[in-house]
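Report on the structure given below.
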Amino acid sequence: MAEKETAPYAAPTPARYRTVHLQKAKDEGRRFAMLTAYDFQMAQVFDDAGIETILVGDSAANTMMGHATTLPITLDEMIVYAGSVVRGTRHAMVLCDLPFGSYELSPQQGTESAIRLVKEAGVHAVKMEGGVRYAEHVRMMTDAGVPVMAHIGFTPQSENVLGGYRVQGRTEGAAEAMVREATVLQDAGAFAVLMEMVPSDIARQVDEALRVPTVGIGAGPTTTGQVLVWQDMLGLRTGRMPRFVKQYADLHSVVSAAVTDYRRDVLEGTFPAAEHGFES
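Quick note: the sequence shown uses the working numbering, first residue 4, plus one each step.
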């Protein structure tokens with residue numbers, strides 16, 4: 004666990020996971036867990052459970068807003084979600100995705116967007132999809148004081164270019180190319196590299212080649228950290244799950260049963276009962 008900190012000229016702050024703690028986990032051969040969150044209360048639950056890192060993913064476009072892809076969500080909307088999560092945490096390191104359209108045009112655009120997430124939402128780092136061409140973006144953001152987690156492999160914001168949701172890295176020379184890509188991003192200043200939907204053997208080669216931590220989602224067991232979308236992990240979302248998802252609960256059934264019971268009590272007149280009211 005991180006040690007408590009006292010910022011100069013400020014009140015003491017709670018123990019908070021930082022990039023240095025994630026690097027130490029990598030150096031010592033330990034793991035850390037990451038979950039997505041988009042609101043204050045779930046962030047509190049995950050923080051209390053000891054989750055080291057929370058990602059405010061652009062998956063909020065799907066899970067919270069009902070969009071078919073991550074592409075429609077805006078930076079302003081991400082700032083609202085991210086601020087809610089930060090206010091719900093005391094210990095977890097909170098990262099936020101740079102959404103589609105907020106960084107692609109130039110390193111300056113990306114840096115301005117990242118600074119807004121830090122200043123207005125209070126996040127501790129950002130995550131950015133894309134490969135070698137974004138190395139200068141990473142460098143400028145890091146120089147500006149914003150830690151950056153790179154994201155390679157399947158990048159959902161590029162699904163129209165990639166031809167849909169497909170595992171990446173199955174072509175000849177893919178391992179060498181992905182190692183090279185991750186190394187360039189690391190050398191540009193990325194404090195970690197996330198790999199999504201990558202064959203396990205290739206993810207292992209990338210992890211072994213990097214000095215910084217790696218995070219996997221559908222990338223096998225060898226990465227330093229693992230991340231899942233919380234609605235998938237806790238079984239709130241129904242339907243077909245990605246192969247890489249393990250469901251640890253069935254919240255959809257629990258919530259559905261409770262709501263059914265509530266409606267029945269209201270219709271039958273058994274709720275509210277006397278103990279739920281006030282006397283004059």
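Just so you know, even glycine gets a beta-carbon here, dropped at the ideal spot from N, CA and C.
Residue i, buried or exposed, once every other Cβ within 10 Å from all chains shown has been counted against 16
i	result
Ser-62	buried
Glu-282	exposed
Asn-65	buried
Gln-44	exposed
Leu-270	exposed
Gly-133	buried
Gly-176	exposed
Ser-116	buried
Thr-273	exposed
Lys-130	buried
Ala-18	exposed
Glu-55	buried
Arg-207	buried
Gln-234	buried
Ala-277	exposed
Val-262	exposed
Ser-105	buried
Range of the contiguous beta strand (DSSP E) that encloses residue i
i	result
Asp-100	96-100
Lys-130	128-132
Val-230	228-231
His-154	151-156
Per DSSP, the bridge partner or partners of residue i
i	result
Thr-217	Val-196
Thr-39	Leu-58
The ligand ATP heavy atom lying under 7 Å from the CB of residue i
i	result
Phe-157	The ligand ATP is absent from the structure shown, which contains no ligands of any kind.
Option in the options with minimal Cα separation from residue i
i	options	result
Ala-191	Ala-147, Pro-275, Arg-173 and Met-244	Ala-147
Asn-163	Val-232, Leu-74 and Trp-233	Leu-74
Arg-119	Val-149, Val-97, Pro-275 and Met-244	Val-149
Arg-246	Glu-80, Ala-260, Val-201 and Asp-264	Val-201
Lys-29	Pro-216, Asp-42, Thr-77 and Phe-194	Pro-216
Glu-199	Val-248, Leu-98, Ile-76 and Arg-19	Val-248
Leu-188	Ser-203, Gly-228, Ile-205 and Thr-145	Thr-145
Arg-173	Ser-105, Gly-32, Asp-204 and His-24	Asp-204
Asp-100	Leu-38, Leu-58 and Ser-259	Leu-58
Arg-223	Arg-214, Gln-234 and Asp-210	The displayed chain sequence assigns Gly, not Arg, to residue 223. Closest by alpha carbon: Asp-210.
Val-23	Met-96, Met-67 and Asp-50	Met-96
Leu-108	Met-67, Val-182, Glu-139 and Ser-256	Glu-139
Thr-77	Phe-103, Leu-98 and Tyr-251	Phe-103
Asp-184	Ala-36, Pro-159, Gln-160 and His-154	According to the sequence provided, residue 184 is Glu. The question's Asp does not apply to it. Per the Cα distances, His-154.
Start and end residues, alpha helix (DSSP H) containing residue i
i	result
Leu-25	22-30
Leu-254	254-271
Glu-179	177-190
His-279	His-279 -> no alpha helix (DSSP H), and no H or E assigned at all.
Val-209	203-212
Glu-139	138-146
Contiguous beta strand (DSSP E) assignments of at least 3 residues, all confined to the region 45-116: Listed in chain order, they are 56-59 and 96-100.
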